[in-house]
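S.K.: Can you read through this structure? Questions will come right after.
In the numbering used here, the protein residues as written are 7 to 657.
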């Protein structure tokens, strides 16, 4: 039995390693372990495995969706990328350098429960984006494996099993650590971009040496769209179908904590980290834009239209088709292998995004257990959900495409709106006007995408409902958890405690009322309160009794630190503080008083009239309700030793 228990402790310790990384430091916690930082271009490769891997299917999607207009529609996409998405996310990087992304910017604009619910909805779209990135990319890698002519036919019909194996392999990489994932990503991106450069340059060479190809394309373009303005209008309408080429920006900012900054960086002013993130975003956008435009030209001019159609030999793999047709089977096979591997690993950027995003919100809201701050348990949960999604969608790429595009576009639209609102407060009118235009473009793109593929919103809604249900269930389960991370007493408050020696400190809970602003009304309320408690509880040494008042701030917050101020109000001594929850604040104060004085204090309450169930709901959502029994329950869970537990009296 001892060996089994020891093994369990070792496994548990390994799984929960780094749990405190995103936690707030309380008075008795250990400082968080420093995260290992990496050069910005290495982190770019981690986020780029998703962004760059879209070259495996994006040129073919563009040619199929826009036909001869594919290069023009791609230019529109690149324009939106460089003049819209890139400026938006460069600003997001500057305003949320700890990896919270645009969600944190919007959270600050919406306080209380409205803000929390809004953030949970956005996290639902983020989960849709990131998880579908994992499952869709793994399914696409499986499709490349099964469709390769060199692969044995016995793998046919086993798409789900192969996809699950690839997802398990990806989860295993992250169980080993971020460092391993980044090292793999650097090699994969370098090889994959190099091979794509060979295919594209060879295609451009063929076009340059065969002018009739360009002539045929321009003639066909003039026949179908004799009016150039009509061609531009159609390209503007079609380009939202190419929205998958915009993926990668949200993960680019969510993994900012992994970027190595300058030696003089601080958490308050991480200028080096911000500069590195902006280099990451700009470099990735420029590389991808160049590949998108050139690959679109090459595919549109060199790949026959029937081959790009569903069931065709170039469908979903246009550049791989050119690699086999123009550069030979050996190079084509190498290109296929690199595409399969990078599509498999494209989920790494999504996994990294979730591992950096989820622990920054849900545990802080009390809407996830403590272990959600640790990397390895979260990897196991995310991988399990990815398994479920894969089975439900039968590893079908097309079935997941709508949800993927919806998640990407909703997050980019929310980022554009957040930056626009920020620019309204902090920037010139010209900057505000520019971001307003960008926001409208993304709103249009998102709306058009949802109208054409409504199944994406339905899938995202499932993620959102799941996150909301799990989050609020976790909040209820953790309702009686002591969630004050630190208690600080000012000098006056400490003096009040010292004056109560040598006996235990006795506190009377008093709810501050709006009508107590004037001294006479307040003093009369204090006098009546203390007289009632002395009569009900026969309190000894009434002159040593202290009043305690808690003013409720934002009840939707979960963890908080407590600053206690002592105030002499006429003949009455009052300990005043602010907190999201009155019972939690009082329980934390009692435990702190015990630790400071060495004796368990006593606290005195009145019963509150009303239905106890309704009072419990009030506590969960407003931080008040029936304070006495909730305070006692919090103390019972926080301190199992009866001899050291503060005493709660109710009359």
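Note that beta-carbon positions come from the ideal geometry of N, C-alpha and C, so glycine has one too.
1. Which residue's Cα is closest to the Cα of residue 70: 235, 134 and 318?
2. Looking at residue 298 and the ligand MN, is the gap between the Cβ and the nearest heavy atom below 6 Å?
3. How far does the alpha helix (DSSP H) with residue 341 in it extend, from its first residue to its last?
4. Select from 510, 529, 512 and 316 the residue whose C-alpha is nearest the C-alpha of residue 519.
5. Considering residue 584, what are the terminal residues of the beta strand (DSSP E) in which it resides?
6. Would you list the one or two residues that DSSP bridges to residue 611?
7. Could I get the ranges of all uninterrupted alpha helix (DSSP H) runs contained in the segment 90 to 138, with 4 residues as the minimum, in chain order?
8. Which of the three DSSP states is assigned to residue 642 in this structure?
9. Can you grab the Cα-Cα spacing for the pair residue 321 / residue 643, in whole Å?
10. Given a cut-off of 7 Å on the beta-carbon distance, is the pair residue 60 and residue 396 in contact?
11. Could you spell out where the alpha helix (DSSP H) holding residue 279 opens and where it closes?
12. Could you say if the segment 581 to 590 and the segment 543 to 560 meet the contact criterion of at least three C-beta pairs nearer than 8 Å?
13. Could you check if residue 713 is buried or exposed, using at least 16 other CB atoms within 10 Å of its CB as the buried criterion?
14. Under a three-way DSSP split, which group does residue 648 fall into?
15. Just the C-alpha distance for residue 560 and residue 485, rounded to the nearest angstrom, thanks.
16. Would you call the CB atoms of residue 300 and residue 206 closer than 7 Å?
17. Nearest-angstrom Cα distance between residue 112 and residue 121?
18. On the criterion of 16 or more Cβ atoms from any shown chain inside 10 Å, does residue 350 qualify as buried, or is it exposed?
19. Along the chain, where does the beta strand (DSSP E) containing residue 573 start, and where does it finish?
20. Residue 228 lies in the alpha helix (DSSP H); which residues open and close that run?
21. Report all residues from its chain with a CB closer than 8 Å to the CB of residue 463; omit the five preceding and five following residues, and keep chain order.
22. State the CB to CB distance for the pair residue 470 and residue 127, rounded to an integer number of angstroms; the pair is presumed to be in contact (CB under 8 Å).
23. In whole angstroms, give me the CA-to-CA distance for residue 651 and residue 563.
24. Applying the criterion that 16 or more other CB atoms from any shown protein chain within 10 Å of the CB defines a buried residue, is residue 50 buried or exposed?
25. Is the segment 568 to 577 touching the segment 488 to 504, taking contact as three or more C-beta pairs under 8 Å?
26. In chain order, what residues of the same chain lie with their CB nearer than 8 Å to the CB of residue 100, ignoring the 5 residues before and after it?
27. With distance defined between alpha-carbon atoms, name the residue in 92, 476, 558 and 221 nearest to residue 369.
28. Ordered along the chain, which non-local residues of its own chain (more than five positions away) have a Cβ less than 6 Å from that of residue 635?
29. Measuring alpha carbon to alpha carbon, tell me which of 256, 282 and 603 ends up nearest residue 267.
30. Less than 7 Å between the beta carbons of residue 603 and residue 503, yes or no?
31. Is the segment 446 to 455 in contact with the segment 409 to 426, if contact means three or more CB pairs nearer than 8 Å?
32. Under the three-state reduction of DSSP, which class applies to residue 265: helix, strand or coil?
33. Could you tell me which of 543, 342, 527 and 323 sits nearest to residue 67, measuring between CA atoms?
34. Around the Cβ of residue 193, are there at least 16 other Cβ atoms within 10 angstroms (buried) or fewer (exposed)?
35. Quick check: what's the CA-CA separation for residue 215 versus residue 303?
36. Tell me whether the segment 434 to 445 and the segment 387 to 401 touch, counting them as touching only if at least three CB pairs, one residue from each stretch, are closer than 8 Å.
M.R.: Reading from the atomic positions:
1. 318
2. This structure lacks the ligand MN; in fact it carries no ligand of any kind.
3. 324 to 351
4. 529
5. 578 to 585
6. 656
7. 92 to 101 and 108 to 115
8. helix
9. 60 Å
10. no
11. 277 to 308
12. yes
13. Only positions 7 to 657 of the chain appear in the structure, and residue 713 is not among them; the question remains open.
14. coil
15. 15 Å
16. yes
17. 8 Å
18. buried
19. 566 to 575
20. 217 to 230
21. 412 and 456
22. 5 Å
23. 26 Å
24. buried
25. yes
26. 280 and 284
27. 476
28. none
29. 282
30. yes
31. yes
32. strand
33. 323
34. exposed
35. 15 Å
36. no
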